[in-house]
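Report on the structure given below.
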Amino acid sequence: MDARLNYFASPTAGKALKYFMSTGRALKESALPAATQELVALRVSQINGCAVCLDMHTKEAAAAGETAVRLNLVAAWREATVFTEAERAALALAEEGTRVADAGSGVSDEVWELAAKHYDEEQLTALVMMVSFLNAVNRLNIITQQPAGSYEVGQFH
2 MDARLNYFAS PTAGKALKYF MSTGRALKES ALPAATQELV ALRVSQINGC AVCLDMHTKE
62 AAAAGETAVR LNLVAAWREA TVFTEAERAA LALAEEGTRV ADAGSGVSDE VWELAAKHYD
122 EEQLTALVMM VSFLNAVNRL NIITQQPAGS YEVGQFH
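Per our numbering, the sequence shown starts with residue 2, numbered consecutively.
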């Protein structure tokens with residue numbers, strides 16, 4: 002499968018993505034735990050069906066020491082016993098923040114309050130920005146049918 006657009010060859014994409022991807026780097030350096038960041042990235046990408054992001058975040062999480070069991074259970078996190086209450090709160094917020102069109106009301110007060118119980122304001126800010134950023138990246142990749150499978154750990158960091 003070939004991508005519809007080559008972002009690396011486009012002067013317009015090069016200019017825009019330089020700043021856009023710096024957002025991702027800043028979020029990676031935030032106070033939100035690294036494991037939570039990767040779990041959220043996986044769940045958002047699963048919901049959106051972004052294969053290239055699933056490829057990247059699965060490999061990054063594994064390289065950082067995440068277990069195969071947890072990676073494989075992200076899609077069924079509600080029924081899995083391997084996630085902390087804080088991770089569950091982040092995954093719930095990520096789901097509702099990604100499915101805004103489906104839910105109609107966005108992120109519920111209940112989900113927000115649960116996340117606020119486990120994360121301070123700086124971490125919540127990073128979490129909200131991360132969900133939004135990932136949704137945007139997913140769309141960039143899905144619209145242009147970016148192929149998955151060849152990502153190497155650290156490739157974009």
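We put the beta carbon where it would ideally sit given N, CA and C, even for glycine. What you are looking at is a predicted structure, and each value in this text was computed from that prediction instead of being measured.
Contacts around residue i, its chain only, beta-carbon distance under 7 Å, and the 5 residues preceding and following it disregarded
i: A127; result: L28, S31, A32 and L33
i: N142; result: C51, V53 and C54
i: A35; result: A65
i: Q146; result: M2, A4 and R5
i: D56; result: A149, G150 and Y152
Local Cβ density within 10 Å of residue i, reported as buried at 16 or more and exposed below that
i: Q124; result: buried
i: S11; result: exposed
i: S46; result: buried
i: V70; result: exposed
i: N7; result: exposed
i: V41; result: buried
Where residue i falls: helix, strand or coil (DSSP)
i: L6; result: coil
i: S23; result: helix
i: A93; result: helix
i: C54; result: helix
i: F134; result: helix
i: P12; result: helix
i: A149; result: coil
Distance between beta carbons of residue j and residue i, contact taken as under 8 Å
i: V83; j: L94; result: Going by Cβ atoms, the distance from V83 to L94 rounds to 19 Å, so no, they are not a contact pair.
i: A62; j: L43; result: 7 Å
i: A91; j: A116; result: 6 Å
i: H119; j: A76; result: H119 to A76, Cβ: 21 Å. No contact.
Pairwise C-alpha distance: residue j and residue i
i: T37; j: N136; result: 16 Å
i: F9; j: G15; result: 6 Å
i: A81; j: A102; result: 26 Å
i: W78; j: Y20; result: 33 Å
8 Å CB neighbourhood of residue i in its chain, flanking five on each side removed
i: Y107; result: Reading the sequence as shown, one finds Gly at residue 107 and not Tyr. Only E97, G98 and V101 meet the Cβ criterion.
i: D121; result: A32
i: F134; result: T24, G25 and L28
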